[in-house]
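Numbering (the working numbering), first residue to last: 154 to 552.
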C-alpha cells in the first residue's frame with residue numbers, strides 16, 4: 154500500500170533527489186559560443202563590413218600605457234590622490250555677475266555722456282562778458298566764484314514786469330552778491346555779502362557794494378569784492394530777475410520754508426509760514442522781499458542762499474536728471490538767464506554745479522559776512538557795517 158507521506162518531507166537519507174532547480178547551472182555558463190564569436194566579429198568590422206586586422210584595431214584604439222593606471226598592492230587600479238580644493242576666494246566668478254557689472258558700467262558711461270551733453274548745451278549757450286579786472290589780487294587756494302543776481306529789468310516785457318511785480322527801474326544794481334569757495338580738497342563754502350555793505354569802490358570813494366556794478370559793471374564789482382575780501386575771484390556768474398523765475402518753472406517748482414507769514418506789497422510776496430512748493434513768480438518775490446522782514450538785507454541774503462540750495466537740490470534730483478526733457482529744459486532756461494566771464498568753461502560750470510549740489514545737501518557751509526550793524530548811517534543813508542576783524546578771519550580761512 155502506497156504511503157500518503159509527502160516525498161519532500163523525507164529526510165535527505167531516504168533516497169529523495171534534491172530539487173532539480175538547485176542543481177541547475179548558472180545561465181551565463183550556457184552562453185552560446187557561436188553567438189559570442191558573431192558579437193566579437195561585429196566589433197572587428199569596419200564601416201564597410203570588412204573584418205579589420207589586429208594592427209588596424211590597435212591603431213584605432215591604442216593601448217593605454219600601464220603607468221597611467223598603476224596597480225596597487227591588491228591588484229586593482231590605483232586611484233590618483235584627490236587634489237586639494239582651492240580657496241573659495243579663488244573660484245571663478247559666475248558669468249551672471251560679470252554681465253551685471255558690464256551693464257552697470259554701460260549705464261554709468263551713458264549717464265556721464267548724457268550729463269556732459271547737458272552741461273555742454275549750457276556751456277555753449279550761456280552769455281559771456283569780460284568780467285575780470287586788468288589787475289587782480291594774488292591767487293588763493295581752491296576756486297572762487299562770484300555769484301551775482303541783478304535787478305536788471307531790461308529783458309522783461311511789460312507783461313512780465315506786471316506778472317512778476319518787478320516794476321521798471323532804469324539801470325541795474327546787484328540784489329545778490331555771494332562768494333562760493335570750492336577748495337582743492339573738502340567741502341565748499343557759500344558766503345553772502347549784503348548788498349548794502351559799506352565798502353571802498355575804486356575811483357568812487359566809499360559806497361554800498363551794489364553800486365560798484367552800476368558804476369563799472371562786472372569788472373568793477375569783481376575788483377571791489379577782491380579788495381574787500383582778499384580773495385581772488387576766478388569765475389563770475391550772473392543771473393537776472395527773469396532767470397530766477399524761469400529756472401524754477403523749468404524745474405517744476407522748488408521747496409521753500411519761510412519762517413513767518415509774509416504779505417509784502419513791494420515784492421508781491423504772499424506766502425504762509427512753513428515748507429511748501431512754490432513757482433517761479435513766488436520764488437522771485439521771496440528772494441527780493443526785504444521791507445516786510447525786520448532783519449532787512451540780512452534776512453534777504455539768508456533767503457537767497459535758501460533759494461540757491463533749493464534749486465541745486467531739485468536740479469540734482471533723479472526726477473530731473475532721469476527726465477531728458479526736463480533736464481534740457483532746465484539747462485536751456487539757465488543758459489538763457491546766466492552771464493559768465495569769458496574764461497569760464499564747461500569744467501568750471503560742472504564744478505559749480507557739483508558744489509551747489511553739495512551745499513543743497515548740507516555738505517558744506519552756508520553763511521554771511523559777520524556784521525557789526527545793519528543800521529549804519531553814513532552819507533545820509535543807511536548801510537551795513539561789517540564786523541571787520543571777524544570778516545577778515547572768515548575770508549582768511551578761505552584763502
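For each residue, glycine too, the CB sits at the ideal point set by N, CA and C.
Everything numeric in this text was worked out from a predicted model, so none of it was measured.
(Q) Within a Cβ cutoff of 6 Å, which residues of the same chain sit near residue 346, ignoring the five residues on either side of it in sequence? (A) 330 and 522
Starting from residue 418, trace the beta strand (DSSP E) in both directions and tell me its first and last residue. Note, residue 418: premise wrong, no beta strand (DSSP E); not H, not E.
In three-state terms, what does DSSP make of residue 376? helix
* CA-to-CA distance, residue 436 to residue 340, given in whole angstroms -> 27 Å
If you draw a straight line from the alpha carbon of residue 284 to that of residue 498, how long is it in whole angstroms? 14 Å
Between 468, 477, 454 and 475, which lies nearest to residue 510 when the distance is taken from Cα to Cα? 468
field: Best match in 359, 253, 415 and 477 for proximity to residue 456 [C-alpha to C-alpha]
entry: From the listed residues 359, 253, 415 and 477, the smallest Cα separation to residue 456 is found for 415.
Is residue 536 near residue 328, with beta carbons less than 7 Å apart?
no
Terminal residues of the alpha helix (DSSP H) in which residue 282 lies
No alpha helix (DSSP H) contains residue 282, which is instead part of the beta strand (DSSP E) from 280-282.
Please name the residue in 299, 444, 394 and 449 whose C-alpha comes closest to that of residue 373.
299
message: With a threshold of 8 Å, are at least 3 pairs of Cβ atoms found where one atom belongs to the stretch 461-479 and the other to the stretch 402-413?
response: yes
**Report entry** Identified DSSP bridge partners for residue 334
**Finding:** 297 and 342
* To do: Please report how far the alpha carbon of residue 295 lies from the alpha carbon of residue 333, in whole angstroms.
  => 10 Å
What does the alpha-carbon distance come out to for the pair residue 303 and residue 253? 49 Å
Under 8 Å Cβ to Cβ from residue 550, same chain only, skipping five residues before and after it: list those, please. none
- Message: In the DSSP output, what is residue 518 paired with across the bridge?
- Response: 342
* Spell out a yes or no on whether the stretch 487-494 and the stretch 387-403 are touching, meaning 3 or more CB-CB pairs, one atom from each, closer than 8 Å. => yes
Residue 350 (DSSP reduced to helix, strand or coil) | strand
Who pairs with residue 431 in a beta bridge, going by DSSP? 407
Exercise for the section: Measuring alpha carbon to alpha carbon, tell me which of 356, 470, 395 and 425 ends up nearest residue 376. Expected result: Its Cα nearest to that of residue 376, the residue 356 stands out among 356, 470, 395 and 425.
- Query: Considering only residues of the same chain and omitting the five flanking positions on each side of residue 445, which have a CB-CB separation below 6 Å?
  - Reply: Contacts found: 415 and 417.
Based on Cα-Cα distance, which residue from 485, 539, 342 and 544 lies nearest to residue 515? In this structure, 342 is the residue among 485, 539, 342 and 544 with its C-alpha nearest to the C-alpha of residue 515.
### Query
Sorted by chain position, which residues of the same chain lie with C-beta nearer than 8 Å to residue 428's C-beta, five sequence neighbours on each side aside?
408, 409 and 410
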